[in-house]
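> Submitted below is the structure of interest, expressed as structure tokens.
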Amino acid sequence: MEIIDRALEFEQRKHTFKTTSERIESSREVKDLILSLNTIYKEKKDPKIMDLMKRLTAIKQKIEKRLKGRP
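Just so we're aligned: the sequence shown equals residues 1039 to 1109 in this note's numbering.
What follows is the structure in structure tokens.
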């Protein structure tokens, strides 16, 4: 369950990114975590994993919104 521990650690981390490269790196990391959790979820069907994926997806959307900037 190393992936779940990494995901929980990422969720607790402070999300203030100074540079664009930090945002890109963080976005890629959270995407990898979500996809890894998804493979575990397909096998176990644990609702706690789904809740974790939803929370990580919300964080990812905020990061990507900040990356895209204002129209």
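Idealized CB from N, CA, C, for every residue including glycine.
Considering only the beta carbon of each residue, do Leu1094 and Leu1073 sit closer than 8 Å?
Against a cut-off of 8 Å, the Cβ pair of Leu1073 and Leu1094 comes out as no contact.
> Whole angstroms are fine: how far does the CA of Val1068 sit from the CA of Glu1081?
20 Å
> With a threshold of 7 Å on Cβ separation, who are the neighbours of Ile1078 within its own chain once the five nearest residues in sequence on each side are excluded?
Ile1041, Ile1087
> When you compare the CB positions of Lys1098 and Ser1065, do they come within less than 8 Å of one another, or not?
yes
> Nearest-angstrom Cα distance between Asp1043 and Gln1050?
11 Å
> For the alpha helix (DSSP H) that Arg1061 lies in, which residues bound it at each end?
1058-1082
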